[in-house]
Amino acid sequence: MKNSLKVLRAQHDLSQAALADRLEVSRQTVNAIEKGKYDPSLPLAFKIARLFDQPIESIFSEEGSP
Amino acid sequence: MNDEFEPSRLRRTLRSICTISPQTRSEELWFLAWILAWGLAFLLNRMLSEVAEAPDLLQWLLPTLTVLLAMLAFRSYYRFLIRADELTRKIQVDGVCMAFGLGLLLIITTVAFEHLGMPQLDANSIASIMAVAWAAGQIWGHWKYQ
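And the structure:
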């Protein structure tokens, strides 16, 4: 799965640590999601979508999809 | 935002292993305290077993204390696992799985080849190997997600 978390984070001028704090996860989790090494659970994905006020499918998409 | 500087993967792995998360700080510190106390009690217990003339009270007290400290360490670890975020929990479960699998494999192997004269491992050796496998699983898990 690919995602635009890094771009969104940059747009909101948040560090990985600050975002991790807001999402109540570790910084390592944010880093792993951004690098595509870890796919978040649905509750965490929804939390990310809510935080950035975006639909979940605009942040996360399948690998190979446009 | 200061994410441009990217330290090496090894450094990132070590940093994530050593980082105490704010959500689980209390459990992690208690686990560390109980495991160190348990290790000390375990060593004293082993030393006591070599002293033939140890007082009766001490012969009961020290093993009871060892078990109690191990239980407290287990409780802290379980609480830590429940409160940890999802990736940390996944890494921990991977480590526990490796330790359990290796421990079971060792027991099965030594029992299966017992009739051919393979030396049997005692409980302490199996526990030590499982602890090392657990630690290796943690390091591997942290490395994998960097």
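Residue numbers (the numbering used here), protein chains in the order written: chain G, 1 to 66; chain H, 1001 to 1146. Just so you know, even glycine gets a beta-carbon here, dropped at the ideal spot from N, CA and C. These figures come from a predicted structure and were not determined experimentally.
8 Å contact criterion, which residue i and residue j should meet: CB distance rounded
i, j, result
"residue 32 of chain G", "residue 1087 of chain H", "6 Å"
"residue 16 of chain G", "residue 7 of chain G", "Not confirmed; about 13 Å, so no contact."
"residue 1098 of chain H", "residue 1136 of chain H", "7 Å"
"residue 1065 of chain H", "residue 1034 of chain H", "With a Cβ gap of about 12 Å, residue 1065 of chain H and residue 1034 of chain H do not count as contacting."
"residue 1091 of chain H", "residue 1138 of chain H", "6 Å"
Spatial neighbours of residue i in its chain, beta-carbon cut-off 7 Å, leaving aside the 5 residues before and after
i, result
"residue 35 of chain G", "none"
"residue 10 of chain G", "none"
"residue 1118 of chain H", "1110"
"residue 1149 of chain H", "For residue 1149 of chain H there is no data in the structure shown, the boundaries of chain H being 1001 and 1146."
"residue 49 of chain G", "55, 56, 59"
"residue 1012 of chain H", "1146"
"residue 28 of chain G", "none"
"residue 1094 of chain H", "1137, 1141"
Secondary structure of residue i, DSSP reduced to three states
i, result
"residue 2 of chain G", "strand"
"residue 58 of chain G", "helix"
"residue 40 of chain G", "coil"
"residue 16 of chain G", "helix"
"residue 1002 of chain H", "Annotation note: pLDDT 47 at residue 1002 of chain H (below 50); position unreliable, no value reported."
"residue 1103 of chain H", "helix"
"residue 1054 of chain H", "coil"
"residue 1045 of chain H", "helix"
"residue 64 of chain G", "coil"
"residue 1117 of chain H", "coil"
"residue 1129 of chain H", "helix"
"residue 1076 of chain H", "helix"
"residue 1123 of chain H", "helix"
"residue 1144 of chain H", "helix"
"residue 30 of chain G", "helix"
Cutoff 8 Å: residue i Cβ touching any chain C Cβ
i, result
"residue 1023 of chain H", "The displayed structure is made up of protein chains G and H, and chain C is not among them."
Neighbourhood of residue i by C-beta, 8 Å cutoff - its chain only, sequence neighbours within 5 removed
i, result
"residue 22 of chain G", "14, 51"
"residue 46 of chain G", "56"
Other residues of its chain near residue i: CB distance less than 6 Å, five sequence neighbours each side excluded
i, result
"residue 1016 of chain H", "1142"
"residue 1003 of chain H", "Residue confidence for residue 1003 of chain H is low, a pLDDT of 49 falling below 50, so the modelled location carries little weight and cannot support an answer."
"residue 4 of chain G", "59"
"residue 1068 of chain H", "none"
Residue i vs residue j beta-carbon contact at 8 Å
i, j, result
"residue 1146 of chain H", "residue 1085 of chain H", "no"
"residue 1070 of chain H", "residue 1030 of chain H", "no"
"residue 41 of chain G", "residue 2 of chain G", "no"
"residue 1140 of chain H", "residue 1096 of chain H", "no"
"residue 26 of chain G", "residue 20 of chain G", "yes"
"residue 1054 of chain H", "residue 1048 of chain H", "yes"
"residue 1028 of chain H", "residue 1074 of chain H", "no"
"residue 1126 of chain H", "residue 1106 of chain H", "yes"
Proximity test, residue i beta-carbon vs the ligand MN heavy atom, cut-off 7 Å
i, result
"residue 14 of chain G", "Of ligands this structure carries none, so the ligand MN is not represented either."
Residue closest to residue i, alpha-carbon to alpha-carbon, out of the options
i, options, result
"residue 24 of chain G", "G:53, G:43, G:39, G:7", "G:43"
"residue 1021 of chain H", "H:1065, H:1112, H:1089", "H:1089"
"residue 1026 of chain H", "H:1116, H:1077, H:1120", "H:1077"
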